[in-house]
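Going from the sequence shown to my numbering is simple: count from 1 and add 135. As structure tokens, the structure follows; a few thoughts come after it.
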Amino acid sequence: MRLSVVIPCYNEEAVLAECVLQVRQLLDALAAKGKITPDSNLWLVDDGSRDSTWNLIETLAGQHANVIGVKLSRNRGHQHALLAGLMSADGDAVISLDADLQDDIAVVEEMIDAHVAGFEVVFGVRRSRVKDTVFKRWTARRYYALLRVLGVDMVPDHADFRLLGRAALRALAEYPETNLFLRGLIPQLGFRTTRVLYDRQLRLAGTTKYSLARMLGLGIDGITSFSAVPLRVIAATGALLFLLSMGVSVWVLGVKLFTDHAAPGWASTTLPIYALGGVQLLSLGLVGEYVAKIYAEVKRRPRYIIERMTSDRVVAP
Ligand code: UDP
Ligand code: MG
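Here's what the structure looks like:
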């Protein structure tokens, strides 16, 4: 079995050399054991880095025949860079990793064994989140709970560390969506899947490329790309408010017709204005979120553009 390792890299000059060294050693070791073929390779996707990442990739690719660089024409974000790598890589199975080696490459062997045993998709799942900040741990737990309620099929504590077999990659290539959220998409592919537990390491060097805003963006994509429940909640809220307003109308009419102290109050006039205004704005915003998604999808823009490659091999997924 030929293995391809895919690593998206955005401003990773601080870790790249060490990362490539470790992955190459791993590939050599696995090839020596006969688990993978010696022509297994490593694909580095430069996601429009602003530092010397691409120069470094070119140098590394020049030194080692089994290191291949793919340069995107601009920064497209982690998910798209990863997709570019997955669609370019030519292995019988492809494992995706972060450049900072937070994903423990020691379990790669276990993933390969699982694939050989017949599993088409192998998810790397974090054993614990002790190395995260309290804030990240809490938000992650809430987020997975929310996704479960909304009916989104996702593997908890799994990021983008996974093995995909050729059949799964071919299936993935059939999904044309622009709002890419691979963690939600891969479970939809089906196939026999399993999990491998690992301990997430600290970042080797450099700083995180996921700001809070980016994290939030990814989270919103995860929900709106896979669940229409928020839209239904709007409809349900609308129906509930309608029923409530009917009750209020009956009460107001009763006061007006059958009593003599029908002084129209300030509160009962202004409160609904605020309450309903708020609900309407919120609903509109949520609908807008989906409209924006539709807009992005119907444009059918390319999801990434490869500017250059250090090798001219082209693979049809
Ligand atoms: N990354 C990328 N494009 C981006 C942001 C990140 O290709 O726009 C890559 C980054 O180089 C790394 C991976 O995505 O290989 C995960 O990013 P990072 O480690 O910064 O995220 P964290 O682990 O902090 O969530
Ligand atoms: Mg990381």
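All C-beta atoms, glycine included, are put in the ideal place defined by N, C-alpha and C.
- Bounds of any beta strand (DSSP E) do not take in Pro437, whose DSSP letter is neither H nor E.
- With respect to Val414, Thr372 sits close: the two C-beta atoms are nearer than 8 Å.
- Comparing C-alpha distances from Gln157 to each of Leu191, Tyr439 and Asp239 shows the shortest one belongs to Asp239.
- If you compare the alpha carbons of Arg436, Ser263 and Leu315 with that of Ile358, the shortest gap goes to Leu315.
- According to the DSSP assignment, Leu388 belongs to no beta strand (DSSP E) but to the alpha helix (DSSP H) extending over Val364 to Phe393.
- Considered as a whole, the segment 147–185 harbours 151–167 as its complete alpha helix (DSSP H) runs of no fewer than 4 residues, in chain order.
- Judged by DSSP in its simplified three-state form, Glu442 adopts strand.
- Annotation for Leu138: Ile171, Ser175, Gly226 and Ala228 place their beta carbon closer than 6 Å to its own, counting only its chain and skipping 5 residues before and after.
- For the beta strand (DSSP E) assignment, the uninterrupted runs of no fewer than 3 residues enclosed by the segment 289–315 are, from N- to C-terminal side, 293–300.
- Gly319 sits close to Phe361, with the two beta carbons spaced by under 8 Å.
- The beta carbon of Asp186 sits no closer than 7 Å to any heavy atom of ligand 2.
- Two segments are said to touch when three or more pairs of C-beta atoms, one from each, lie closer than 8 Å; by this definition the segment 264–276 does not touch the segment 385–396.
- Between Pro437 and Ala249, the alpha-carbon positions lie close to 34 Å from each other.
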